[in-house]
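In order, the protein sequences belong to chains Z and B.
With the UniProt record's numbering, you'll find the first sequence wraps up at 438, consecutive numbering, no jumps.
With the UniProt record's numbering, you'll find the second sequence wraps up at 438, consecutive numbering, no jumps.
Glycine is no exception: its CB is placed at the ideal position from the N, C-alpha and C atoms.
Worksheet: one structure, shown below.
There are 2 protein chains.
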Amino acid sequence: MHTPVPRLTTAQTGPLLKLESLLLQRSADIEAWFRTQWLKTAPPFYSSVDLRNAGFKLAPVDTNLFPGGFNNLNPAFEPLCVQALQTAIQRICPKARRILLVPENHTRNRFYLENVATLVDLIGKAGFHVRVGSLLPDLQAPTDLRLEISGRTLRLEPLQRTGDRVHVGDFDPCAVLLNNDLSAGIPEILRGLKQDVIPPLSLGWHARQKSNHFGFYREVAKEFGHLLGIDPWFVDPLFRNCGQINFQRREGQECLEANVALLLEDIAAKYKEYGIQEQPFVIVKSDAGTYGMAVMTARSVDDIRNMNRRTRTHMSSAKEGREVTGAIIQEGVYTFEKLGPDGATAEPVVYMIDQFVVGGFYRLNSQRGNQENLNAPGMRFEPLAFDNCCSHPDPACGPDDRPNRFYAYGVVARLAALAAAREIEAARALAPSAPQAA
Amino acid sequence: MHTPVPRLTTAQTGPLLKLESLLLQRSADIEAWFRTQWLKTAPPFYSSVDLRNAGFKLAPVDTNLFPGGFNNLNPAFEPLCVQALQTAIQRICPKARRILLVPENHTRNRFYLENVATLVDLIGKAGFHVRVGSLLPDLQAPTDLRLEISGRTLRLEPLQRTGDRVHVGDFDPCAVLLNNDLSAGIPEILRGLKQDVIPPLSLGWHARQKSNHFGFYREVAKEFGHLLGIDPWFVDPLFRNCGQINFQRREGQECLEANVALLLEDIAAKYKEYGIQEQPFVIVKSDAGTYGMAVMTARSVDDIRNMNRRTRTHMSSAKEGREVTGAIIQEGVYTFEKLGPDGATAEPVVYMIDQFVVGGFYRLNSQRGNQENLNAPGMRFEPLAFDNCCSHPDPACGPDDRPNRFYAYGVVARLAALAAAREIEAARALAPSAPQAA
Numbered sequence: 001m002h003t004p005v006p007r008l009t010t011a012q013t014g015p016l017l018k019l020e021s022l023l024l025q026r027s028a029d030i031e032a033w034f035r036t037q038w039l040k041t042a043p044p045f046y047s048s049v050d051l052r053n054a055g056f057k058l059a060p061v062d063t064n065l066f067p068g069g070f071n072n073l074n075p076a077f078e079p080l081c082v083q084a085l086q087t088a089i090q091r092i093c094p095k096a097r098r099i100l101l102v103p104e105n106h107t108r109n110r111f112y113l114e115n116v117a118t119l120v121d122l123i124g125k126a127g128f129h130v131r132v133g134s135l136l137p138d139l140q141a142p143t144d145l146r147l148e149i150s151g152r153t154l155r156l157e158p159l160q161r162t163g164d165r166v167h168v169g170d171f172d173p174c175a176v177l178l179n180n181d182l183s184a185g186i187p188e189i190l191r192g193l194k195q196d197v198i199p200p201l202s203l204g205w206h207a208r209q210k211s212n213h214f215g216f217y218r219e220v221a222k223e224f225g226h227l228l229g230i231d232p233w234f235v236d237p238l239f240r241n242c243g244q245i246n247f248q249r250r251e252g253q254e255c256l257e258a259n260v261a262l263l264l265e266d267i268a269a270k271y272k273e274y275g276i277q278e279q280p281f282v283i284v285k286s287d288a289g290t291y292g293m294a295v296m297t298a299r300s301v302d303d304i305r306n307m308n309r310r311t312r313t314h315m316s317s318a319k320e321g322r323e324v325t326g327a328i329i330q331e332g333v334y335t336f337e338k339l340g341p342d343g344a345t346a347e348p349v350v351y352m353i354d355q356f357v358v359g360g361f362y363r364l365n366s367q368r369g370n371q372e373n374l375n376a377p378g379m380r381f382e383p384l385a386f387d388n389c390c391s392h393p394d395p396a397c398g399p400d401d402r403p404n405r406f407y408a409y410g411v412v413a414r415l416a417a418l419a420a421a422r423e424i425e426a427a428r429a430l431a432p433s434a435p436q437a438a
Numbered sequence: 001m002h003t004p005v006p007r008l009t010t011a012q013t014g015p016l017l018k019l020e021s022l023l024l025q026r027s028a029d030i031e032a033w034f035r036t037q038w039l040k041t042a043p044p045f046y047s048s049v050d051l052r053n054a055g056f057k058l059a060p061v062d063t064n065l066f067p068g069g070f071n072n073l074n075p076a077f078e079p080l081c082v083q084a085l086q087t088a089i090q091r092i093c094p095k096a097r098r099i100l101l102v103p104e105n106h107t108r109n110r111f112y113l114e115n116v117a118t119l120v121d122l123i124g125k126a127g128f129h130v131r132v133g134s135l136l137p138d139l140q141a142p143t144d145l146r147l148e149i150s151g152r153t154l155r156l157e158p159l160q161r162t163g164d165r166v167h168v169g170d171f172d173p174c175a176v177l178l179n180n181d182l183s184a185g186i187p188e189i190l191r192g193l194k195q196d197v198i199p200p201l202s203l204g205w206h207a208r209q210k211s212n213h214f215g216f217y218r219e220v221a222k223e224f225g226h227l228l229g230i231d232p233w234f235v236d237p238l239f240r241n242c243g244q245i246n247f248q249r250r251e252g253q254e255c256l257e258a259n260v261a262l263l264l265e266d267i268a269a270k271y272k273e274y275g276i277q278e279q280p281f282v283i284v285k286s287d288a289g290t291y292g293m294a295v296m297t298a299r300s301v302d303d304i305r306n307m308n309r310r311t312r313t314h315m316s317s318a319k320e321g322r323e324v325t326g327a328i329i330q331e332g333v334y335t336f337e338k339l340g341p342d343g344a345t346a347e348p349v350v351y352m353i354d355q356f357v358v359g360g361f362y363r364l365n366s367q368r369g370n371q372e373n374l375n376a377p378g379m380r381f382e383p384l385a386f387d388n389c390c391s392h393p394d395p396a397c398g399p400d401d402r403p404n405r406f407y408a409y410g411v412v413a414r415l416a417a418l419a420a421a422r423e424i425e426a427a428r429a430l431a432p433s434a435p436q437a438a
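As structure tokens, this is what we get:
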């Protein structure tokens, strides 16, 4: 029994089918290329990539280095996750026996807590002792949370420090695994630790910029396009960025208008080149941070000029009260995958551990159109787990049959993970004295 | 929907339940121990281990370094096999893009051919170009075989050599993967190659001895017993061996009789120590070779003295006509797992790629008792794929629930794989000039 798979609802699927066919034919060369890349640059410990499938283009629009949706993956791929975790930890700190997981401070987000419990479970099954160390300032003692969705119990313990080591109670971990994107900055308790911290602290959203990541991605897409003999644009969303924007005070407005205009022209040129009958649009969002706050769609420069007060207030908001100071203007990529009688829009999200794709899921929303950001506050989020794990193609199927569409997702997601790997390497080079693992 | 799992039909399951509980409680320490072992000694590329579950004892009785039953594994674990293959090949020869698979010369064994086709499929999905190079002397041109069980087509091409490289047609492989146990010796065409040959040629049955392997296993079991604080006997079959036996001429008979007598005494002492109400028995088999030829059961020295002509002829037979010159006398381990209304005897077989357990299956036979070798000629062989992959325990279940029994199988099988790893390392040390990979 297969779960349903969204169907593409655009007639303009020629380029994608061509891409999928090419990925299928060249999968051995693609895999060999990835293997050489992972030898040059260590993959992120874990990552998730939001993709958009426009039919004529398949591209990543966000790459998260602290994925918070492991609970949404198909349980059938649990052994795959366990095996990938074993490989990842063995590569980074082979002597590790005890792992301390440090999650986000979301005690009211029941979905996120399920993710934490799932990670604890997976790490335990990978053969490690694991405990959860919390950064919650008002947590004074170990606290058991009853998770309402799965009925599991998750124990949070206050993170403590002695000298240059963090611990919970008498549990002294070999490695600290962060599932906290550090949007609010690096907590003092995590600075200068002797233990391996995975991923490195410098990758938190307090310092990380999407434009930096997509700059690396542009290079990766170019190399990949060269390997396959295709225009990298088919897998790469065009983007520009502005450094200093204050939406409330309209500071930096000129930069924003100029870049929106230029980007819309670039997209229009590509649509014309490939005979794509769609209206170009761009997404303006914070250059840092995630969770879809501070995002808007623009189809013309006037949309920027005429930004009303409500939108400017919205664009000034950010996770944990962080100010918006940089903006990325990204090519809008249509989402033409639909599911069910109400035609819910579906956005694929691919999960990776180390260099391995371990599954993914669709975010479904029947209230939003094919251009809107699906990760917006208040949306009706429903995950639909993939029933293929995206790690390999099936030559016996057609190019757009489910294993091969998922393989295409797995390839493009790994391009984004490779860009993140280079991003991490560059960040490490800027702080070579930090004893942090990949 | 779960597949049925054999039930244990002996009341004497106390020691095993205790072992399973211990493995469950100590899984993080066990996994940490395995991790350190794999850092010291590279695992075999692939292996399969035949286990016996007596209820009071769980032990490996055969370890195969050229497993020929990948077609029997649960297809649900295909992604796990693909991921493990990627890790294994990347560790041994990271630059490999093209793999040449060299199978056994069984063109009439339809089950074995399905195994070859499955391996080709898995290697392709792992992202490599793969072809099958045959050692069949009378194969002059590429030949497509139609496989009657799966309907797949398997192409065999004559193995060719140019200088110090083997190839098929214009396909020049980076690595040669052997799925041929070289019982008949090392073919000239495979000697002194520049390419990586996996596993090393010295591990073929022309040179390999079971007594050597079980000597390494005895050491591994001792270390493992020390780690857990248990008697290694619970996972280790006692054994002795004789070097020169000619069954037809009754040469070496005294060695055989003496060792059978001593081993039966040793087993009886253990049964008495643990209050096990079963009759000790031993298995006499060739010290080389597989496929269950040349095997007999003895419950007393008289069984050896009174060996009739038919048995002596049987014991003189060997695969590909090889003479029996060495014998291993192994502790007989009861098989108390039964399945179905006819109480078919079930013997678990665990499959591994690199250090990872990727699944397994039961060999079922309703015509044989719980002592007999299930891999005998003419038996009714039916595989029953495991529906858990054996790689990790589930703390939420009881110690003898299916995931945890399978985890116990995965642990003991990996002990045997570790013994094989040390065996390979020792063989390599004897031929340090050979440019062969693990």
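Nearest candidate by alpha-carbon position, reference residue i, set the options
| i | options | result |
| --- | --- | --- |
| LEU73 (chain B) | B:VAL349, B:PRO393, B:ALA294, B:ASN365 | B:VAL349 |
| LEU147 (chain B) | B:VAL130, B:TYR112, B:GLY68 | B:TYR112 |
| LEU80 (chain B) | B:ARG405, B:ARG428, B:ILE353, B:GLY398 | B:ILE353 |
| TYR334 (chain B) | B:ALA327, B:GLU188, B:SER316, B:PHE281 | B:PHE281 |
| ILE424 (chain B) | B:ALA344, B:LEU23, B:PRO199, B:ASN180 | B:PRO199 |
| TRP233 (chain B) | B:ASP50, B:ALA420, B:PHE56 | B:PHE56 |
| LEU178 (chain Z) | Z:ASP196, Z:ARG152, Z:ALA268 | Z:ASP196 |
| LEU24 (chain Z) | Z:LEU51, Z:ALA421, Z:LEU430, Z:CYS397 | Z:CYS397 |
| ILE149 (chain Z) | Z:PHE171, Z:ALA117, Z:LEU135, Z:TYR46 | Z:ALA117 |
| LEU190 (chain Z) | Z:TYR217, Z:GLN160, Z:ARG91 | Z:GLN160 |
| LEU51 (chain Z) | Z:ILE276, Z:GLU331, Z:PRO395, Z:GLY127 | Z:GLU331 |
| ASP394 (chain B) | Z:VAL82, Z:ILE30, Z:SER27, Z:LEU22 | Z:VAL82 |
| LYS18 (chain Z) | Z:ALA426, Z:ALA420, Z:ASN404, Z:ALA421 | Z:ASN404 |
Residue span of the beta strand (DSSP E) that contains residue i, given as start and end
| i | result |
| --- | --- |
| PRO403 (chain Z) | Taken as a continuous stretch (DSSP letters only), PRO403 (chain Z) belongs to no beta strand (DSSP E), being part of the alpha helix (DSSP H) at 402–430. |
| ASN179 (chain B) | 175–179 |
| GLU337 (chain Z) | 337–339 |
| GLU157 (chain B) | 153–158 |
Chain-order list of residues whose beta-carbon lies under 8 Å from that of residue i (same chain, five-residue window excluded)
| i | result |
| --- | --- |
| GLN355 (chain B) | PHE34, TRP38, PRO43, ARG414, ALA417 |
| ILE304 (chain Z) | GLN253, LEU256, GLU257, VAL260, VAL284, ALA298 |
| PHE214 (chain Z) | PRO237, PHE239, ILE328, GLN330, ALA419 |
Assigned exposure category for residue i - 16 Cβ within 10 Å defines buried
| i | result |
| --- | --- |
| GLY133 (chain Z) | buried |
| THR36 (chain B) | exposed |
| ARG363 (chain Z) | buried |
| ASP181 (chain Z) | buried |
| ARG310 (chain B) | exposed |
| ALA141 (chain Z) | exposed |
| PRO399 (chain B) | buried |
| ARG165 (chain B) | exposed |
| GLY192 (chain B) | exposed |
| ASP236 (chain B) | buried |
Span of the alpha helix (DSSP H), counted from its first residue to its last, around residue i
| i | result |
| --- | --- |
| PRO60 (chain Z) | First-last for PRO60 (chain Z): 58–64, but that is the beta strand (DSSP E), not the alpha helix (DSSP H). |
| GLY225 (chain B) | 210–228 |
| GLN83 (chain B) | 78–92 |
| residue 448 (chain B) | For residue 448 (chain B) there is no data in the structure shown, the boundaries of chain B being 1 and 438. |
| ILE30 (chain Z) | 27–40 |
Chain-order list of residues whose beta-carbon lies under 6 Å from that of residue i (same chain, five-residue window excluded)
| i | result |
| --- | --- |
| ILE186 (chain Z) | LEU201 |
| THR143 (chain B) | LEU156 |
Close beta carbons around residue i, own chain, < 7 Å, minus the five adjacent residues each side
| i | result |
| --- | --- |
| VAL130 (chain Z) | ILE99, LEU101, VAL120, ILE123, GLY124 |
| ASN115 (chain Z) | GLY68, GLY69, PHE70, ASN71 |
At a Cβ cut of 8 Å, what residues of the segment 99–131 of chain B count as close to chain Z, listed as they run along the chain? Here the close residues are GLY124, LYS125, ALA126, GLY127, PHE128, HIS129.
Just by C-beta distance, which residues in the segment 21–38 of chain B are closer than 9 Å to chain Z? The residues in question are SER27, ALA28, ASP29, ILE30, GLU31, ALA32, PHE34, ARG35, THR36, TRP38.
Any residues in the segment 69–102 of chain B with a beta carbon nearer than 9 Å to a beta carbon of chain Z? Which ones, in chain order? Near chain Z, meaning a CB-to-CB distance below 9 Å, the residues of the segment 69–102 of chain B are ALA76, PHE77, GLU78, PRO79, LEU80, VAL82, GLN83, ALA84, GLN86, THR87, ILE89, GLN90, PRO94, LYS95, ALA96, ARG97, ARG98.
Going along the chain, which residues of the segment 232–247 of chain Z sit with their C-beta nearer than 9 Å to a C-beta in chain B? Residues passing the 9 Å Cβ filter: none.
Select from the segment 381–392 of chain Z all residues with a C-beta closer than 8 Å to any C-beta belonging to chain B, and list them in chain order. Here the close residues are CYS389, SER391, HIS392.
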